[in-house]
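Some notes on the structure that comes next.
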Amino acid sequence: MKIDRALMGVVSVLLGLIYTGAVQAAPPVTQAAGNLVYLGVKGGIMDHDAQGTDYAFNIGAYGGYNLLGEGARFPQNLGGGTLSVEGEFTVTALKGDTRGAGDWNVMTLGGYAAYRFPLQNQFYLKGKAGVRWQDVDVDGAVGWSGSDTGASVGLGAGWKLSKGNIEAEVTIIESDLTF
């Protein structure tokens, strides 16, 4: 039985949000003064735009250092927001299918400048830009692998909880690869 791509995408996003919320390690950047370092985990769908490929599901870890803004290492007025340096690493937990009767997976490593801007006391927007490296492997009849380094950007939003936060974001890894 083949699962519809849209249903798989919705289920993956929901599982990723639940997983991220359950194990988020540190308060968000805009919460309390003195939280300079933060760590967390992430999970979600990896969408490759190549024809005949289904979603993969990646999991990973990220961490950052609050550099500029309220409660950061260097207090500056950034319009209420905070600028951080952030790194992340993801690997494929569930491989995506290809039309060539094989699977594909991707590993990513990135470094970003991340800006979080509070909307209300509990909600904030996030934007990030930086450099990433990815390694894509395709098994089966196609049998291809390759790696690349380049620019990457992401947009998202977050919700502060009592012991951490939940963030939902979309990151463009490459023009045809979105996390």
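For the sequence shown, my numbering assigns the number 1161 to the initial residue and increments by one for each residue that follows. All residues carry an ideal CB built from backbone N, CA and C; glycine is no exception.
- Compare the C-alpha of Y1222 against each of A1232, L1199, G1239 and D1207 and name the closest. L1199
- Item | Per-residue burial, A1216 [other beta carbons within 10 Å of its own, 16 or more giving buried] | buried
- Task: Could you tell me the boundaries of the beta strand (DSSP E) in which Q1294 lies?
- Result: First-last of the beta strand (DSSP E) with Q1294: F1283 to V1298.
- Message: DSSP has D1336 in a bridge; who is on the other side?
- Response: According to DSSP, which records beta bridges pairwise, D1336 is partnered with nothing at all.
- Note down the Cα distance separating T1213 from D1295, rounded to an integer number of angstroms. 16 angstroms
- Item | DSSP bridge partner residues for A1261 (one or two, in chain order) | In the DSSP output, where bridge partners are listed per residue, A1261 has none listed.
- Could you check if P1235 is buried or exposed, using at least 16 other CB atoms within 10 Å of its CB as the buried criterion? exposed
- Query: Ordered along the chain, which non-local residues of its own chain (more than five positions away) have a Cβ less than 8 angstroms from that of V1245?
  - Reply: Taken in chain order, the residues that qualify are G1224, Y1225, L1227, G1271, Y1272, A1273 and A1274.
- Please list, in chain order, all residues of the same chain as I1333 whose beta carbon is under 7 angstroms from its beta carbon, the five residues on each side excluded. T1268, R1292, Q1294, S1312 and F1339
- Query: When we look at the beta-carbon of G1240 and count the other beta-carbons within 10 Å, is it buried (16 or more) or exposed?
  - Reply: exposed
- Classification of A1232 by the beta-carbon crowding that lies within 10 angstroms, buried from 16 upward: buried
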